[in-house]
Structures are given as C-alpha cells and as structure tokens.
Amino acid sequence: GDIMSARETSIVLPPEFGPMERVLLTANGNVQRILSAFYNSPVTVEVLRNDLVPESQRSHPLALAEYDREVQLLVSGNVCCTATSTVRLMDKEHLELVAEKHVGIGQLFRYLNVLPAFELLELGRGEGFFWRLYTLASSGVHCEIKEVFPDDVFALGSVPSVLTGVVPHGLSPASSVWDFRKSA
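Using this note's numbering, read the sequence shown as starting at 34 and increasing by one per residue.
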C-alpha cells in the first residue's frame, strides 16, 4: 500500500530527476523490492554497522534504545544504495523484539504488521549521486533514513564508483537540495 499520506498520493519533484529516480526518491520503505523488480534479481542487504547508541548520547530523551545503522543494498554484487539511519525504539515490546528475539530493524514494521507514516524531508543531487532523507514512524518506532544512490543505479554491470566504499554520514554537500519539511 501507499504510505505517503492518507490524503496525498502524489508528490511533484524537481525536473532534474528522471522518472526512475523519482520512483526511488518517493518509495516508502520498499526500495529493495523496486530494485529487485527492475533487475529481476535478488537485492541483498549488507549490514555495515548496527550500533546501540549509549544512553547518554541518545537523540531523544524518551528512547528506550537507539541504533545507529549503515547498510548497503547490492544487486549482482554491485552497491546500488547506501543507507544510514537512526532508529529509536520508544516501546518496551519493540525493544524486546529487537534485543531478545533478534527481529531485524528493517523488518520490525512488517513483523508488527504496522504501516508506518512516511515523510520525505529532503532530497538532493551531488556529483555522481542523488539522495533523500526521510522518516518512517509509528507508535513506538521512529526511523530517520538517508539513502544515497549512484547516478548509474539503473545501469547494471558497472560498479557505481561513488558508493564502492563506506559512505560517511557527512557527504560532500549536494549541489542542489530541496527541502520538503512542512513549515511550522
């Protein structure tokens, strides 16, 4: 289903983005499925970092746990997306699922049969890549995710040069940034 909004089912993006780029930029938690369908091939997730943030360093005072994560999506061995995220768990049941039952954070919404709210915050383009920043949230779980895609994400066979290694949180500033946050 579409989790963009109960009332809004479309978003108009800047013309600098092509049709398939727009599909990825507005995807609501299903990038892996979209890329798998495009390539007609499995897309695997490689977890690079899944660190529990110490209580004294958590970004939200009510978080029972906070994870700093970095993953890469790979198709045929090629990195097609690098995602960094902060995942906050505010509910004891959700924390138990992750910490004791080892439910993956990426599968938590599906496991709970919860449709999270999706909000696109920003998107941009840099030299050789484009990116987006968005949130997925439900009662007790809040994820802020930055995904970076190489410009050639839809050109299978060439290893994307921008994303061949770990992409740090502080990417070089994109030449263009669009902010979709709702002003207060």
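Where is the CB? At the ideal position from N, CA and C, for every residue including glycine.
Computed from a predicted model, the values in this text were never measured in an experiment.
Here valine 181 has Thr115, Phe162, Trp164, Val200 as same chain residues with Cβ atoms under 6 Å from its own Cβ, once five neighbours each way along the sequence are excluded. In the structure shown, valine 45 falls within a coil segment according to DSSP collapsed to helix, strand and coil. Selection Leu169, Leu128, Leu106 evaluated against serine 74 yields Leu106 as nearest (Cα-Cα). In this structure, Val120 is the residue among Val76, Val120, Phe71 with its C-alpha nearest to the C-alpha of leucine 169.
The C-alpha of aspartate 124 lies about 17 Å from the C-alpha of proline 87.
For glutamine 140, the closest of Val210, Arg91, Gln65 by C-alpha to C-alpha distance is Gln65. Here DSSP, grouped into helix, strand and coil, assigns alanine 96 to coil. Beta-bridge partners assigned by DSSP to glutamate 54: none are found.
Burial is judged here by how many other beta carbons sit within 10 angstroms of a residue's own beta carbon; isoleucine 178 has at least 16 and is buried.
If the five residues before and after leucine 68 are omitted, its C-beta is found closer than 7 Å to the C-beta atoms of Val76, Leu106, Val108, Cys113, all from its own chain and listed in chain order.
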